[in-house]
Structures are given as structure tokens and as C-alpha cells.
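Notes follow once the structure below has been shown.
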Amino acid sequence: MSTLKQLASKFLGHDSVFARRTAGGIQPPSFKEHSLRSRIMSTPIPPQLTIPIGAESSGEITRLVDIGEQVLKYQKLAVISLSAKGRSDVPVHAPTSGVITSIENSIVADHSQQQQLCINLTVDGHDKALPLEPHTNHAQLSSADLVSLIRDAGVIGMGGAGFPAADKLRACSVLPIEFLIINAAECEPYISADEALLRERANRVVLGAEILKRASAAQRCLIAIEDTKPDAIAAIKQALQNEASHQPCCELVLVPSKYPAGSEKQLIQCVTGIEIATGQHPTEHGIVMHNVGTAYAAYEAIIEGKPCISRFTTLCGQALKTPKNFEVLIGTAAGFLFELCGIEANKKQKSIVGGSLMGSELGNDKAATCKTTNCLIAASSNELQAPKEAQACIRCGYCADACPSKLLPQQLLAFSKTLDTTQLLEHGLLDCIECGACDYVCPSQIPLVSTYKQSKKFIKTRRHSLEYSDYWQQRFQFRQYRVKKEKDQALSRKLNAPLQSMQAAEPAPKGQNDEADFISKEQASRDIAAAVARVKARRNEKNK
Amino acid sequence: MSALKAGAPFQHSGRNITQLMQTLMYALLPGIFASLWYFGFGILINIAIAITFAVLAEAAMLRLRNRDIRSHLGDKSALVTALLFAIAIPPGSPWWLVALGIVFAIVIAKHLYGGLGQNPFNPAMCGYAMLLLAFPLEMTGWHIPFEVITEPQPTDNLGIPILTVEREFLSPLSWGGFKQALLLAFPFAASGVIDISDFVDGLAMATPLIEFKMAGKSALLTARESGASLFARESETAWEIINISYLLGGLFLLYKRIISWHIPLAIIATVFVLAALFYAPGSVAIYGTPYLHLFGSATMIGAFFIATDPVSAATTRPGKLVYGIIIGVSIYSIRVWGSYLDSIAFAVLFGNFCAPVLDQYCRPRIFGHGLRSKSRPNEAPVKRE
Amino acid sequence: MLLFALVLVKITRYLTRQVTAQKSLVNRINRALPQTQCGQCGHPGCLPYARSISLGEASNKCPPGGQETILELAELLNEPVRGLDPAHGQFRDFSVAVIREDECIGCTKCIQACPVDAILGGPKLMHTVITSECTGCDLCVEPCPVDCIDMINHLAPAISHTTPPYFDLRSSLGVNT
Numbered sequence: 029m030s031t032l033k034q035l036a037s038k039f040l041g042h043d044s045v046f047a048r049r050t051a052g053g054i055q056p057p058s059f060k061e062h063s064l065r066s067r068i069m070s071t072p073i074p075p076q077l078t079i080p081i082g083a084e085s086s087g088e089i090t091r092l093v094d095i096g097e098q099v100l101k102y103q104k105l106a107v108i109s110l111s112a113k114g115r116s117d118v119p120v121h122a123p124t125s126g127v128i129t130s131i132e133n134s135i136v137a138d139h140s141q142q143q144q145l146c147i148n149l150t151v152d153g154h155d156k157a158l159p160l161e162p163h164t165n166h167a168q169l170s171s172a173d174l175v176s177l178i179r180d181a182g183v184i185g186m187g188g189a190g191f192p193a194a195d196k197l198r199a200c201s202v203l204p205i206e207f208l209i210i211n212a213a214e215c216e217p218y219i220s221a222d223e224a225l226l227r228e229r230a231n232r233v234v235l236g237a238e239i240l241k242r243a244s245a246a247q248r249c250l251i252a253i254e255d256t257k258p259d260a261i262a263a264i265k266q267a268l269q270n271e272a273s274h275q276p277c278c279e280l281v282l283v284p285s286k287y288p289a290g291s292e293k294q295l296i297q298c299v300t301g302i303e304i305a306t307g308q309h310p311t312e313h314g315i316v317m318h319n320v321g322t323a324y325a326a327y328e329a330i331i332e333g334k335p336c337i338s339r340f341t342t343l344c345g346q347a348l349k350t351p352k353n354f355e356v357l358i359g360t361a362a363g364f365l366f367e368l369c370g371i372e373a374n375k376k377q378k379s380i381v382g383g384s385l386m387g388s389e390l391g392n393d394k395a396a397t398c399k400t401t402n403c404l405i406a407a408s409s410n411e412l413q414a415p416k417e418a419q420a421c422i423r424c425g426y427c428a429d430a431c432p433s434k435l436l437p438q439q440l441l442a443f444s445k446t447l448d449t450t451q452l453l454e455h456g457l458l459d460c461i462e463c464g465a466c467d468y469v470c471p472s473q474i475p476l477v478s479t480y481k482q483s484k485k486f487i488k489t490r491r492h493s494l495e496y497s498d499y500w501q502q503r504f505q506f507r508q509y510r511v512k513k514e515k516d517q518a519l520s521r522k523l524n525a526p527l528q529s530m531q532a533a534e535p536a537p538k539g540q541n542d543e544a545d546f547i548s549k550e551q552a553s554r555d556i557a558a559a560v561a562r563v564k565a566r567r568n569e570k571n572k
Numbered sequence: 262m263s264a265l266k267a268g269a270p271f272q273h274s275g276r277n278i279t280q281l282m283q284t285l286m287y288a289l290l291p292g293i294f295a296s297l298w299y300f301g302f303g304i305l306i307n308i309a310i311a312i313t314f315a316v317l318a319e320a321a322m323l324r325l326r327n328r329d330i331r332s333h334l335g336d337k338s339a340l341v342t343a344l345l346f347a348i349a350i351p352p353g354s355p356w357w358l359v360a361l362g363i364v365f366a367i368v369i370a371k372h373l374y375g376g377l378g379q380n381p382f383n384p385a386m387c388g389y390a391m392l393l394l395a396f397p398l399e400m401t402g403w404h405i406p407f408e409v410i411t412e413p414q415p416t417d418n419l420g421i422p423i424l425t426v427e428r429e430f431l432s433p434l435s436w437g438g439f440k441q442a443l444l445l446a447f448p449f450a451a452s453g454v455i456d457i458s459d460f461v462d463g464l465a466m467a468t469p470l471i472e473f474k475m476a477g478k479s480a481l482l483t484a485r486e487s488g489a490s491l492f493a494r495e496s497e498t499a500w501e502i503i504n505i506s507y508l509l510g511g512l513f514l515l516y517k518r519i520i521s522w523h524i525p526l527a528i529i530a531t532v533f534v535l536a537a538l539f540y541a542p543g544s545v546a547i548y549g550t551p552y553l554h555l556f557g558s559a560t561m562i563g564a565f566f567i568a569t570d571p572v573s574a575a576t577t578r579p580g581k582l583v584y585g586i587i588i589g590v591s592i593y594s595i596r597v598w599g600s601y602l603d604s605i606a607f608a609v610l611f612g613n614f615c616a617p618v619l620d621q622y623c624r625p626r627i628f629g630h631g632l633r634s635k636s637r638p639n640e641a642p643v644k645r646e
Numbered sequence: 003m004l005l006f007a008l009v010l011v012k013i014t015r016y017l018t019r020q021v022t023a024q025k026s027l028v029n030r031i032n033r034a035l036p037q038t039q040c041g042q043c044g045h046p047g048c049l050p051y052a053r054s055i056s057l058g059e060a061s062n063k064c065p066p067g068g069q070e071t072i073l074e075l076a077e078l079l080n081e082p083v084r085g086l087d088p089a090h091g092q093f094r095d096f097s098v099a100v101i102r103e104d105e106c107i108g109c110t111k112c113i114q115a116c117p118v119d120a121i122l123g124g125p126k127l128m129h130t131v132i133t134s135e136c137t138g139c140d141l142c143v144e145p146c147p148v149d150c151i152d153m154i155n156h157l158a159p160a161i162s163h164t165t166p167p168y169f170d171l172r173s174s175l176g177v178n179t
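Below is the structure:
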């Protein structure tokens, strides 16, 4: 087999690893050519940046700056501590110099559409920066040093999940890693940021890949890219040739172009032939995957010593006159970027963050870009419209053919309608990666993914309540037991009381006791009333 | 479940049911043209009657069920049912037979089960099976093209108008043929012109499978050897040409990815294998050649158009294969050992019976499930502090 | 043949009896109920309601159980599925009680109301809900004299302007607003 591979690699002219066929998948029109017409552009510094530092659920946030404070470019603003989730901390840096005006919750352009705590930075325009500490020769650094530098630069997975890159690398120190896969597949329509990045800065990406390879101590590094991106492929080949004076650090793998080729487990199967079982982590098989953008960020973090303050984002959609790829400062408002591309406001029907198949609708163009915002679409009224009214499922099975997880969406739909949790789990609802391929092909235009999301939520709630119901019952019974016991004790004390007092030979008059009781009760109720009044007064004051 | 937000995928392939149904109808065209060529206008009249009554029945049922008539009629599924039904019915059947069958198909087999997507059985075949059970005589009367040339004396047979026309060496596609076909469909209009009983009596009853049972040879091949034109109506090649036309239509559907290859392939392969296994060349037994089984009767239309009806078929890939095999076995065994002439309807209905079970038990392995544990020995599980 | 059938009937009957003896109907009904002990059905706790259902009360009076509980009970009791009785409340997502601690006056009324002892605190001392113990039964909200208890959607913490945030990040960061 290996000789075959070698033969094939000679024949194909690049160091090739066979890409294997993966199940399902669709080939939607990609619309990437519009944004790839021009080169990557750095955005001008916007007057206002809204730097997201974390969602409510993400973890504890340590703020390092105060409102009104002057900050410099690259200055650390906050650290999100994810130690509760067993992850390392992620710092957030200032993309430019300016004054912090406020810190408040606002919407961020990412998939979850949750509010995040954001630092509002009014830019002074001087772009005064802290000095950087470049490490031009990364070979001198140990793998642990590389990991800690990458962590300090605040690099997270740029592909979309936003998992701290350092954690992925650190997991590699426990298990031996055979493959580092650089995911450049970028299969989702409209998004072209990775392709543009490779086309223009392949050298740096390859260098970044080498850094990641060293940091994770991987034996081989594979750059997986869709075979429909000739410019990017040529650029990588060129970069590998430049690099490979002694020995190429990376191998190029062309994967067949289909959606969702870039999904982690699907790409691993495509490239290495290993199928990651449900619930397993790729590192258990000696595989770790990073996005191209992450490799580039690693390059910047090590070679230039620059923290992660920008990312590559595609701006496209028919409402934009000049769609293109931007190197965007984290915190730039989506609307600012749309303006830069010459948005025709009357043409725009809706904005979408992410690609056309897994993205979500952006409610507000003021939303700030974050480290995982890979694409912003300003859709006109004749593209990406919500499907018409769903028709009945005719069980054509196109969805089953398209499903990359080999699920049976038509059956899942039927079971979702009856909320048959046993069957839903049996049919692997929880293995659905929500890629939207089934929706794409459905001739009845049924919102399948939305239905599955609801069913998943339902199952989650149901599981939660089942898990708890036994416990709650126990607690309830214990309380009943406690209350009864206390009552019994009180009763026995009352019965014993006269006996005791007789023994003490000093019987207290009964009425006095009652009076004392009454007084204390009165006192208590007066106290309560006073407290209520106080709280009410305070609340009124607050409302004013 | 009703308050779904329009979320995640914003892009859509643009395919819709109407389009699917239209493509299906286009794919039926070659077969219909071939039938038209050999059987005359009877098939077109069947189609016209079936479509009329199908649309009326569908509209009435939608009205009764309080559904939007325009959008539901627009999916054209009723038209496809009507077409498939009309093709299955012998040309020259009286109008009431066609109407009864299609109304049964639409009202009882489709809408009483909940309409499109809910019917457990193929509606067209339900209608056909009902007619076959209720009107066995009417349902087995086919005009067999080759009978024309077996009539030496035109005056010997006054029965069938088409034969009368053929006798005069007029094509069934001529005006005369059309008129005769109309009279066959609407016998009440014929009174005074031709005696109805004449042509009822004269209806030939045969399918090629029966006729050719002992031939064991392709009519196409015979025709070529004898130098006759393949498309000549007298060359006995009708069924084979019609089947090849349906095969072409089916291949078009496969090419357009309207249907998957699993069901047709499983049916054809099963019928072929069984026919090959049981074929006894010397004997005068009822077993035909594999070729005859595939092209001598309605196998192709069954395999590509009727068994693949998505609503009532199995939908998982392994399920589709098993479903096809079940239908293939049924087709062969009903033909050979059963008492019905053609078996597609019953075979498909039997397959429909099995489909829900197949969907439940013949499932593909889910990605990431049922793998042998590949975790390497002597290694600690992933630890993350 | 008849004999065989009779034997079969006997065996099945015996088996079913065994099963039912093991798991009495009340137990099975109780198992299907969500055990929030909220009392929205009009009974003091889930077990009393389960007893009452086994004696013929309608099984569609449990809002916290959701559609699933209704389906499960209908199947268990071999009854047609009915919608939730609106007189007993509406379906809603699981939520937990959270005390706005700066407003709490320490009256202990909520502690007495809590069916599962999920509230900590003493007289005139600030109370707090142990989130992991809370069943979301709502029973502590009504007795609070200063209305400082909120029911917060727990599985998906979301912030809106009408309800105060579950974790007030701003105050944890020391930011004044």
C-alpha cells in the first residue's frame, strides 16, 4: 500500500496521501469566487471597537483594565478562566490603542448569538503599541514553551468552535500524536477566508503549521484542502518547496470537494481512514486537527510575538458591491465592514454570520466580530431566503444519502413529531452534526435541522429531569421525615415540659409564657414589616 | 413543533416535489409513446380519463380535509398516480373502469391514510389490484398487436374496431384508430354505430408472457433475423420495445438522481437470477427465459417507476435492497406459480407491507457507532487538568 | 388446541401478575411524574397525585412533566392522550429559583415552603438557593414578602432586560452601572 501511495504521489506531483471517500455530503454552489476576486485587505481602524471577552456561560472573567483607562495595542484586557471546564485561560488583548469607555453585555457575531460581556474601546487613532517579543527561530523553543506562548497570545480555534488552541496542544503532550491535520477544507459555501489566506500567505501558514507540529509533537503534518482550490494548492506547494531545503514539514492532501468535508471527524476519516467513534476524542487515535487560521495565528504568536487581535473574515452577499476578505480587528462592528464593502442598504434583506448552511441570522449589524467570526453575509432578497412552507415528507431518502453521519433524517423527523425519545436515540439523533445537508436536499423543504435541534433540547431536558426526579423524590421524603420528626420532638417537649417544671419546683405561670411568645411574635412581624419597607424603599430609589 | 424559526441552513438546492413529479412524468414519456405506437390511442384516452378523475378526487378530498387545494394540487403527485395507473390499465377499457380505479386509489389508498407522504401502499397499485379482483375479465383484456397479423380475412372478425382498422391496413394512430379507441372507452357513444357486444367479445386476452411462454426467444431477435422492421406493429416486438422505453426512462431518472439504483437493481437482479435458475429450456414448463421475464412483461415499469414510489417504499439503503429482492421474488413467484397474469401490483403491495419493518431493522451503521475499540494499549486516557 | 390456548393464557396471566406485583401501578405512575413536588396538580407532592391517578383522576394535570409525561401516563393507563389541563398551568422550560440576595430580609418563609430543603439560611440572615437541589417547583416564589425570588431558565441561561441575569457578571467584575 505504501508503495502504491508513493507511486501515486509521484504521479500526482505532490506528496500525496490518499483521500478516502466519506459518507453523504452535498455539492452546493459555493459562491466563493465573488469574495476571492480581490486580495485580502486590512481594515482601517474603526472609531469604536467592542471587544467580546466572554459569554455568561463560558467561565469566570478576570478584568485587567478599568473604565476610563488608556490602553495600548496588544495590552492584555481580560482573562477568561475556563479552569472550571478543565481548560486553560484565554487572554483578550487590545487590538489598538484607545480609552475604555464601558463594559457591558452586547450581541456578538458568532453562532450562538448569545450576549457576551464586551469591552467598549474608543479608539484614539494613534495605534500606539506595546513592544513585541518575536521569536524568529522557533526551533530553539521547547514544545511546552510554544504551548504557553500560544496560550498567552490568546489563540483559539479559528474554525468556529473556539476551543483554546493551547488546550488541544496540551492534550497532545499526554498522548503520542501521529497526525496533525491542518484543516483548510473550508467546504461551506460563501466562506473563502482560509482560501484567501493560503493563496496570499501560504509561507506563514506553513511555518505556523510547523510550529503547531512541534508544539504537539506530531510525527506528520497534513494540510487538507479541497481539490477545487487551485490557487491555494499551488501556493502551498510553492511554500512547501521554499521550506523544504532539508525535509518537508508538511504533506498536502487533496480532499474531494463536498460539504461537509471540513467537519472534524469526516475530514479525519477522509484523510487518515480512521473513523472516530462517538464520544471519542481524536487525540485518542493520535490525531489532532487545527484550522488554517489557527496555524496563521500560531505563526503570529511565535514568530512575530503578536497576540491574536485580528482574524480573516469573508464579506460577501449580493447586497455588497465589492465582496472581499478582510483582516479584521477583533471587535469591529459588522455594519462597519459592510460599509467598507459598499453595502446597498436598500438591497440588503438580512445579515448572516457564518456560511449559508450552518450560519445564523444576525439580528443587529452593530454586533461585533469575535475570534470565530469567519464570514458575514449581507444577503439580498433573492438569495438565501427562508424556504417556502414545508410540504409533507415523501420519504424520498435524499436526506439519508446526503447525511455525513449516515443517519436517517426521514425517520428522525417522524420520531421527532411523536417525541419518541427511545427511537430518536436509537436512530442516533445525538450524532447529528447539524450540518444542514439534509435541509439542503429536501424536496419538501422541511426545516429538518431546526426540528432536530428542538428534539435534542427536549431530550436534554428530559434526561435532566429523569436524572433528578429520583433525587428530588428522596429529598422530598427526607423533608417529610424531618418535619415529622421535628413535630414529634416539639410535641414530646411540650408533654415533658410540665413534668420538668414540676421537678424544678418553680412552675412558671402559663400566661407569662404565652405573653412572651406573643411579644416575640409581634416583634418578629414588626421586624419583617420594617425589612419589607426598607427593601421597597431601596427598590424605589433604584428605579428612580 | 409548529413554532419553528427559520434557522440554520439558508441555502437550498431548489428541488421540490413538483419538480420531482414532473421529471418522473417526463421519464414516462418514452414508454407512453411506445405504447401509443403499438396499442393506439387507447392509452391516451386512459390517461385523460385517469387524470381528470384523479384531479377531481384529489380536489374533493383536499376540500373535505380542509387543505389548501391549490398548493397541494400543485405538487402533481395525483397526476403521477393517475399516469402510472392509466399505463397499468389495459388500453380500450371502458371509462367507468378507469374512473373507479383512480378514485379508489386517490380517495381510499391515499387520502384516507392522511394524504401525500402518509399512504403505506402505492395508491396506483391499490387501484389496479382492486380492479383486478373486482373485474377480472375487463382487466385482462389487452389488444395484442401481433394478433392483427394473425387475422387473414378482415371479414372474419367484426369484433374489434382496431382490428377492423388493421384489417384495412390502417395504423391505429390514424383518425380511424382514434375513433375506435374512443368508442371502446365510451361504449354508450357507440350505440348505433357499432354493436358494443361485438368488440367486447372479441377482446383478446393475453400478455406476452403467456403467449411467449414457450418461445424462449426474443421477438426482437426473431424480427431481426427475419429481416422485419423492429418497429413494425406486426413484428411481435411490442412488449420488448415498450419495456426498453421504460428502461430508458428509468435510466433517465437514475441519471437525474430522482431515484436511487438500489430498488430497480435489486428487482431486476432478483428476477433475472430466479429466471435463470429455474429456466428449463427443454420443458414446456411455464418458466420463461430470463430475458422474457425482464422484457416480456411489465417488469421495467414496475422496477423503475412503481416500486420506487418513495412514500410506500423502504427508505434506507440496505432496506431498499431487501425491499427490491422481496418484490423481485414476489414478481417471479406470482408469475410462475400464481394464478395472476401479471404480478407487479401484488408484488409491490407485498413489498409495501414489508417496508416499515425494513426501515426499522435494515439501517446503515451510524458514523462512529459500532466500532471495535481502537484505543491503543498501555496508554492513559486523555487527561486534561 | 384449546388446552394449549388455555395453558398459554394461564402462563401469560401468571407472568403479568408477577410483573404488576413487582411494580404496582402507583409506583409506575409515580416514576413517570417529574418529582418536582410542585403541587400544581392540587396534591401535596407527586406520590399523592400518583395514588389519585391510580384511583381514576385525570392524568393531564402535571405541567412540569411536559408532553412526555402526559404521553407516558396515557400509555401506562391505556387512555387516549389528552392535552395539558390548562387549569393547572402551562408547559415551560426547566428553571430554578434564584434569590436576589441583596434584597432578602431573612424571613425563612421560602425555606418553609421548599419541598426539598433546597434553600439555605436562617432567621434575619440572607438565604440562598442550592441550584443543584432546586426542582423548579415555584413554591418559594409566592410566600416571599419582598418578591426577591426569580425563576431562571437553567439549561440555557439567557439574559433579557426583563429578568435580572443569573450571574451578574458586571457586579462580579466590580463594574458599577
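Chains as they are written, first to last, in my numbering: chain A, 29 to 572; chain B, 262 to 646; chain C, 3 to 179.
Beta carbons are placed, not taken as given, at the ideal position from N, Cα and C, and that holds for glycine.
Nearest candidate by alpha-carbon position, reference residue i, set the options
{"i": "LYS334 (chain A)", "options": "A:ILE135, A:ARG507, A:SER134 and A:THR164", "result": "A:THR164"}
{"i": "ASP94 (chain A)", "options": "A:ASN148, A:GLU88 and A:SER109", "result": "A:ASN148"}
{"i": "MET561 (chain B)", "options": "B:ILE586, B:PHE539 and B:GLY510", "result": "B:GLY510"}
{"i": "THR129 (chain A)", "options": "A:GLU514, A:HIS154 and A:GLN98", "result": "A:GLN98"}
{"i": "LYS517 (chain B)", "options": "B:ALA309, B:GLN272 and B:GLN283", "result": "B:GLN283"}
{"i": "VAL233 (chain A)", "options": "A:ILE251, A:THR360 and A:PRO217", "result": "A:ILE251"}
{"i": "ALA347 (chain A)", "options": "A:ILE371, A:ARG510, A:TYR324 and A:ASN353", "result": "A:ILE371"}
{"i": "GLN92 (chain C)", "options": "C:ILE101, C:ASN62 and C:LYS126", "result": "C:ASN62"}
Length of the line joining the Cα atoms of residue i and residue j
{"i": "CYS427 (chain A)", "j": "GLN297 (chain A)", "result": "21 angstroms"}
{"i": "VAL583 (chain B)", "j": "PRO471 (chain A)", "result": "25 angstroms"}
{"i": "LEU203 (chain A)", "j": "GLY314 (chain A)", "result": "7 angstroms"}
{"i": "GLY420 (chain B)", "j": "PHE449 (chain B)", "result": "Confidence is the limiting factor: at GLY420 (chain B) the pLDDT is only 48, short of 50, which leaves the residue's position unreliable and the question unanswerable from this model."}
{"i": "VAL98 (chain C)", "j": "CYS48 (chain C)", "result": "18 angstroms"}
{"i": "GLY96 (chain A)", "j": "SER338 (chain A)", "result": "23 angstroms"}
{"i": "GLY589 (chain B)", "j": "VAL618 (chain B)", "result": "18 angstroms"}
{"i": "ALA104 (chain A)", "j": "CYS249 (chain A)", "result": "According to the sequence shown, residue 104 (chain A) is Lys rather than Ala. Cα to Cα, LYS104 (chain A) sits roughly 32 angstroms from CYS249 (chain A)."}
{"i": "SER26 (chain C)", "j": "PHE96 (chain C)", "result": "29 angstroms"}
{"i": "ALA213 (chain A)", "j": "GLU367 (chain A)", "result": "29 angstroms"}
{"i": "CYS398 (chain A)", "j": "GLY345 (chain A)", "result": "20 angstroms"}
Same chain only: Cβ atoms within 7 angstroms of residue i, ignoring 5 sequence neighbours per side
{"i": "LEU141 (chain C)", "result": "CYS40, GLY41, ALA115, CYS116 and PRO117"}
Cutoff 6 angstroms; reference residue i; Cβ partners in own chain excluding five residues on either side
{"i": "ALA263 (chain A)", "result": "LEU226, ARG227 and ALA230"}
{"i": "LYS599 (chain A)", "result": "Since the first residue of chain A shown is 29 and the last is 572, residue 599 (chain A) is not available in this structure."}
{"i": "VAL143 (chain C)", "result": "ILE151"}
Own chain partners of residue i with C-beta closer than 8 angstroms, once the 5 adjacent residues on each side are dropped
{"i": "ALA465 (chain A)", "result": "GLY52, GLY53, ILE54, TYR287, PRO288, LEU385, CYS427, ALA430, CYS431 and PRO432"}
Quick one: which residues of the region 508-520 of chain B get their C-beta closer than 9 angstroms to a C-beta of chain A? List them in chain order.
Result list: ARG518, ILE519 and ILE520.
Anything in the region 266-285 of chain B with a Cβ closer than 9 angstroms to a Cβ of chain A? List those residues in chain order, please.
Along the region 266-285 of chain B, going in chain order, the ones with a CB nearer than 9 angstroms to a CB of chain A are LYS266, ALA267, GLY268, ALA269, PRO270, PHE271, GLN272, HIS273, SER274, ARG276, ASN277, ILE278, THR279, GLN280 and LEU281.
What runs of the beta strand (DSSP E), each 3 residues or longer, lie entirely inside the region 105-189 of chain A?
If one requires a minimum length of 3 residues, the beta strand (DSSP E) runs lying completely within the region 105-189 of chain A are 118-121, 126-137 and 143-151, in chain order.
Which runs of the alpha helix (DSSP H) spanning at least 4 residues fall entirely within the region 95-129 of chain C, listed in chain order?
Those alpha helix (DSSP H) runs which fall completely within the region 95-129 of chain C and span 4+ residues are 111-115.
Contact set between the region 428-456 of chain A and chain B, restricted to residues whose Cβ is under 8 angstroms from the partner
Answer set for the region 428-456 of chain A: ALA428, ASP429, PRO432, SER433, LYS434, LEU435, LEU436, GLN438, GLN439, SER444, LYS445, HIS455 and GLY456.
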